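Here this note's numbering is used: the first residue of the sequence shown is 527, the next is one more, and so on.
Each residue gets a CB set at the ideal place from its N, CA and C atoms; glycine is no exception.
Because the structure is a prediction, the values reported are computed rather than measured.
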Amino acid sequence: MTQPDVSVIIGAYEAMPYLVECLASVEAQTIGPGRLEVIAVDDGSTDGTGECLEEFAARAPMTVTVIRQENSGGPSGPRNVGLGKAAGRYVFFLDADDRLGPEALERMVAMADRNQTDVVLGRVEGVNRSAPKSMWGRTLDRTDVFSSNIKFTLSAQKLFRREFLERHGMRFDESLWTGEDALFTMEAYLRANGVSVIADYTCYYLVGREDGKHVTKTGGYVRRFDSARALMKLIADFLPPGERRDQLMVRPFLVTLLPQFGPKFLKESEEVRRHKLELAKPLTDGYWTEGVARRLKVEERLRLHLVAEGRADLLLDVLKFLKAKKQAPAVLEDKGRRLYLVYPHFRGAAGLPDSLYLAEPREARAFEGYREPSPTFLRRAVRKARRIVRGVRRPGGKRPAAA
């Protein structure tokens, strides 16, 4: 048999009736049935999912392999089983309640072949749920995780070169109950010789289930900390301390850790609050840096700083302010070049540093009166700081006064 271009791996658990449209979207692929295979793993469903897959296999024009197994407890097991059976040059992981755009696989395989990239991202659109947006600004033949916003889409629904995955022995971590796809995809980004982005065609429709059983909504808060810990460790294992590590650490801090300290924290018991801070401490001790902090908005930075300091009392004040949906007043200084947002405890008795409240230009631009420092001004400021630090003589032979 001719090797298929792409193996579509579907892990399915209690997927009815969404599975019907999912399979129809595979059958409608313009790449043609001769260029793809489907490997579907029924993970112990009791709602007719397995029977639906077998009926599809009996009539579908492409090769379909159906594997039925006892429930594994999460999506990693079925994906790993499917990956072990795959024969295609590429693999695509399709969730059983989602669906593909008709030209998705044809476009993604062509993109990977043309650019010899190991991972291809196709534009995602949400159906009755939100979907990532920041990485779809334009189509990119070749990019990487440092030069784009792809770090904010770490779901598994992407095209991966199978030889690349096998060469590095990559599989999904079955010990994680949530965030296993983030770990897998971030590793792929970091190992890949290049990543392509298709932004001008919707390749994937992320479907919100009316029954609320989507896997990302399940699991207790401890599992979220497990996920954050695993992703932070992976990034640290690949990258030494510095700008590049900080750039990627933004993702687990912002997407996984910070939501645990949102308005919901106000309603939780003292015991749960204390436990969350205990779980967060090794993560903030190990990876919370100035480089991560300055990449965040003021309220995000402020909350995570208070988490890092274990200051639940101050954090509660900030969360009450946020829950009230108030706009933090702005204070302009240095002829409008510095803009502080006055969230609780700004220049108060708690002694929090002003730098926590200083808005970066991307946030400050929204406020009237803010003057973004020009590159020339910034260069002069940097040179001046260096002269002071190094004690370099000024013109005329005088040294700068000691601080």
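Inclusion of Ala630 and Tyr544 in the CB contact set at 8 Å is not warranted, their separation being larger than that value. Per DSSP, the beta-bridge partners of Phe686 are Val617 and Val645.
Under DSSP, Val564 takes part in a beta bridge, and its partners are Val534 and Val590. Per DSSP, Ser656 is not a residue of any alpha helix (DSSP H), being assigned neither H nor E.
In the structure shown, the three-state DSSP call for Tyr883 is helix. Linking Gly788 to Ser602 through their CA atoms gives a straight-line distance of about 28 Å.
Put simply, the backbone Cα of Ala586 is about 12 Å away from that of Gly558.
Within the region 771–840, the alpha helix (DSSP H) runs of at least 4 residues that lie entirely inside it are, in chain order, 796–813, 816–819 and 824–835.
Leu848 and Gly627 have their alpha carbons spaced roughly 39 Å apart. For Ile724, the uninterrupted beta strand (DSSP E) run begins and ends at Val721 to Val733, by DSSP.
Cα atoms of Asp531 and Gln683: separation of roughly 17 Å, rounded to the nearest angstrom. Secondary structure of Tyr715 (DSSP, three-state): helix. Taking 8 Å as the upper bound for CB-CB distance, Ala622 and Cys548 are in contact here, some 5 Å apart.
With a threshold of 16 other beta carbon atoms within 10 Å, Pro778 meets it and is buried. Contact between Val844 and Leu832 holds: their C-beta atoms lie close to 7 Å from each other, under 8 Å. DSSP places Glu894 in the coil class of the three-state scheme, outside both helix and strand. Cβ-Cβ distances below 8 Å link Arg864 to Leu858 and Leu884 in the same chain, with the five nearest sequence neighbours on each side left out; the list follows chain order.
Taking each of Gly812, Glu563, Arg717 and Trp703 in turn and checking the Cα distance to Ala613, the smallest one comes out for Glu563. The beta carbon of Glu692 is closer than 8 Å to none in its chain, skipping five residues each way along the sequence.
Taking a contact as a CB-CB distance under 8 Å, the pair Asp568 and Ala538 counts as one, their CB atoms being some 5 Å apart.
Looking at the DSSP output, Gln595 bridges to Asp569.
DSSP places Glu580 within a helical segment (H, G or I) once states are collapsed to three.
Judged by DSSP in its simplified three-state form, Glu540 adopts coil rather than helix or strand.
Taking C-alpha positions only, Arg640 is separated from Val721 by approximately 12 Å.
Apart from the 5 residues on each side of it in sequence, Leu765 sits with its Cβ closer than 6 Å to the Cβ of Arg771 in its chain, given in chain order.
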